[in-house]
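This report concerns only the one structure given below.
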């Protein structure tokens, strides 16, 4: 099924999100290649607290000094949650070195279907809505798949340091936001 035949939705985290997202977060695992899935291993009963904590972060409520405002987005394809992304509204010194504006992950059983490209494209659109003019993504130099996804979305490698690639994606006015 090509993209035109699929129903693609990028939804921001909501306090009312259902337990299918909890199940997806457990299926994704603890994270890899620098992406951290802080929900992995939590008990089902802790999920509402996780949602509240991350909703507060998205609103800038109660942020610790080392954190920045960040919104979590869920990627749904034909009604199934297949991955999620984090969009940081601004960068601090630590995120300039590792983390960047955007991080994303696709569940293992849904990889290789182009969903990484989809979620990154949609997260860049969300960044445009925030008024950002370019976004930084950091990726391990050996993560060839993610590097290709970033480059396919207009990313330019500006720095390679200590095994970390820093890609910048310009956000043009031609985006349909």
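Residue numbers (full-length UniProt numbering): 1 to 177.
Cβ atoms here follow ideal geometry from the backbone N, Cα and C, with glycine treated the same way.
Please report the residue range of the beta strand (DSSP E) in which residue i lies.
i	result
residue 73	70-77
residue 108	Run containing residue 108: none; DSSP gives neither H nor E here.
residue 8	8-12
What residues in its chain sit with their C-beta under 8 angstroms from that of residue i, if we drop five residues either side in the sequence?
i	result
residue 51	13, 14, 15 and 17
residue 177	Low confidence applies here, because residue 177 scores a pLDDT of 48, under 50, leaving its location unreliable and the question unanswered by this model.
residue 162	none
Give me, in chain order, the residues of the same chain whose beta-carbon lies closer than 6 angstroms to that of residue i; leave out the 5 immediate sequence neighbours on both sides.
i	result
residue 133	171
How is residue i classed by DSSP in three states: helix, strand or coil?
i	result
residue 65	coil
residue 152	helix
residue 117	helix
residue 88	strand
residue 177	Its pLDDT being 48, under 50, residue 177 is placed unreliably in this model, and the coordinates cannot settle the point.
With residue i and residue j assumed to form a contact (beta carbons below 8 angstroms), what rounded beta-carbon distance in angstroms separates them?
i	j	result
residue 156	residue 98	Residue 156 to residue 98, Cβ: 18 angstroms. No contact.
residue 116	residue 106	5 angstroms
Could you please give the first and the last residue of the uninterrupted alpha helix (DSSP H) stretch that includes residue i?
i	result
residue 52	47-59
residue 22	19-28
Segment contact, 8 angstroms Cβ cut-off, at least three pairs: the segment 116-125 with the segment 57-66
no
Below 8 angstroms, how does it come out for the segment 73-81 and the segment 41-61: are there three or more Cβ pairs, yes or no?
no
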